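> End of the sequence shown sits at 560 in the working numbering; the numbers just go up one at a time, nothing left out.
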Amino acid sequence: MNTITGTTNAFWRASYGLVLLVIAMTACTSATSEQKAETEIKSDVKVTQPVIATIEQTSTFKGTTRYLQTNTFRAQVSGILKSVGCQVAGTVSDGQPLFIVQPMEAAALQKSGFNDEDFNAFQDTTFSNLNGTVSSLNVQVGDFVQAGDVLATCIRTNSMRIVIDVPAEQLGKVRTGTNCTILLPDGETAAGKVIGQWPSATVQNQTQPFIIKPTNAFSLAENISLSVQFETGKLPDALWIPKSALQGNELQTEFWVMKLVNDTTCIKIPVTKGQETDSLVQLLDSPITNADRLVSEGGYGLPDTAIVRIIKN
């Protein structure tokens with residue numbers, strides 16, 4: 248009888264110890280899980296959604312301003328320059344008197360004591376035949392000039408054009424008569440039209456110069472650099488994402504986005520890149536839809552599956 252009782256007590260003691268062990272292991276596992284959850288790293292990200300839109304395709308070419316018409320003012324007679332009515336960088340208008348030359352014969356007679364008023368009719372006056380700006384002045388009062396000497400050079404104000412260089416492989420994008428948008432250095436834009444092209448290409452760069460005339464005349468200094476944009480087509484109902492949402496390898500041969508499957512998890516989705524604009528990238532044959540949420544900031548370096556925390560834009 249004592250043997251049975253002792254065996255029973257040993258059994259219950261062993262069972263009690265096993266229960267305590269199980270409880271301890273469970274508590275330890277629970278604590279470890281909670282600790283892991285608390286220490287799990289969450290990356291802060293911003294999210295965006297794709298858009299479906301029709302985007303104009305454009306091509307942009309570099310250009311410079313040039314004044315295509317210049318005029319030289321020459322002495323009509325040989326003599327002494329008595330008056331100069333212009334200056335470098337000054338403007339002149341059509342019909343404005345610029346130079347007065349006293350012929351040699353009149354100068355010789357004047358030294359003989361004749362009245363100055365008697366020689367006014369013999370003076371030769373050179374008038375401006377355009378509205379423009381004086382780019383060079385070669386004489387001053389008192390100089391002796393000969394017939395045919397260049398006294399000054401002037402650029403015609405309304406002759407400013409923009410010359411762009413189009414690579415040979417892109418000549419199909421620019422034609423005479425094509426409308427375009429001129430992107431000015433200050434951020435403003437102006438309308439323009441292609442009015443012609445140079446008869447020869449640039450040998451070194453293999454580019455074809457085209458001449459752009461602004462629709463509404465404006466004036467810039469010569470050799471100012473700017474850009475000219477042409478519309479080359481449209482992409483209707485295409486899927487676009489911000490450039491910041493697209494990631495790629497170093498060689499830019501593979502691309503992907505990080506798509507959110509819920510509020511805390513995102514996964515890597517391979518995509519095919521299409522056309523680009525200044526801020527958007529087109530996705531071709533993509534599993535992504537405009538209802539998806541994509542990581543736009545904070546996605547660099549994330550693994551294929553990542554725990555994230557969304558922050559507001």
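Just so you know, even glycine gets a beta-carbon here, dropped at the ideal spot from N, CA and C. No experiment lies behind these values; they were computed from the predicted model shown.
Would you call the segment 495 to 513 and the segment 538 to 550 touching, i.e. three or more CB-CB distances under 8 angstroms?
Yes, the segment 495 to 513 touches the segment 538 to 550.
> So, with DSSP's three-state summary, where would you put SER383?
Counted from its first residue, the sequence shown places residue 383 at position 136. In the structure shown, SER383 sits in a strand (DSSP, three-state: E or B).
> So, for LYS460: in the same chain, excluding its five sequence neighbours on each side, which residues have a beta-carbon less than 7 angstroms away from its beta-carbon?
Numbered from its first residue, the sequence shown carries residue 460 at position 213. Answer for LYS460: ARG408, GLY439, LYS440, ILE442, listed in chain order.
> If you run the structure through DSSP and keep just helix, strand and coil, what is THR319?
Within the sequence shown, the letter at position 72 stands for residue 319. Strand at THR319.
> Specify the secondary structure class of GLU497 as computed by DSSP and reduced to three states.
On the sequence shown, residue 497 is found 250 positions in, with the first residue counted as 1. Here GLU497 sits in coil by DSSP.
> For ASN426, which three-state DSSP category applies?
As a position in the sequence shown, residue 426 is number 179, starting the count at 1. If DSSP states are grouped into helix, strand and coil, ASN426 belongs with the strands.
> At a cut of 8 angstroms, does the segment 471 to 484 reach the segment 298 to 312 through at least three beta carbon pairs?
Contact between the segment 471 to 484 and the segment 298 to 312 is present, because at least three Cβ pairs lie under 8 angstroms.
> For my contact list, VAL298 and ASN537 are in at a C-beta cut-off of 8 angstroms; report their separation, rounded to the angstrom.
Counting from 1 along the sequence shown, the entry for residue 298 is found at position 51. Counting from 1 along the sequence shown, the entry for residue 537 is found at position 290. Their Cβ separation, rounded to whole angstroms, is 6 angstroms, which keeps VAL298 and ASN537 in contact under 8 angstroms.
> Residues in the same chain with beta-carbon distance under 8 angstroms from PHE561, minus the five sequence neighbours each way, listed in chain order, please.
Any property of residue 561 remains undetermined from this structure, which presents the chain solely from 248 to 560.
> First and last residue of the beta strand (DSSP E) that includes TYR314?
As a position in the sequence shown, residue 314 is number 67, starting the count at 1. 298 to 314 is the extent of the beta strand (DSSP E) around TYR314.
> Here's a check: name, in chain order, each residue in its chain whose Cβ is nearer than 7 angstroms to the Cβ of ILE557, leaving out the five neighbours to either side.
Along the sequence shown, one-based indexing puts residue 557 at 310. Only VAL292, VAL294, ASP510 meet the Cβ criterion.
> By the 10 Å Cβ neighbour count, where 16 or more other Cβ atoms means buried, how is ILE458 classified, buried or exposed?
Taking the sequence shown and counting its residues from 1, one reaches residue 458 at position 211. Counting Cβ neighbours within 10 Å, ILE458 comes out buried, since at least 16 surround it.
> Whole angstroms is fine: what's the gap from LYS490's alpha carbon to LEU527's?
Within the sequence shown, the letter at position 243 stands for residue 490. Within the sequence shown, the letter at position 280 stands for residue 527. Distance between the alpha carbons of LYS490 and LEU527: 5 angstroms.
> What is the DSSP secondary structure of ALA353, reduced to helix, strand or coil?
Taking the sequence shown and counting its residues from 1, one reaches residue 353 at position 106. Here ALA353 sits in helix by DSSP.
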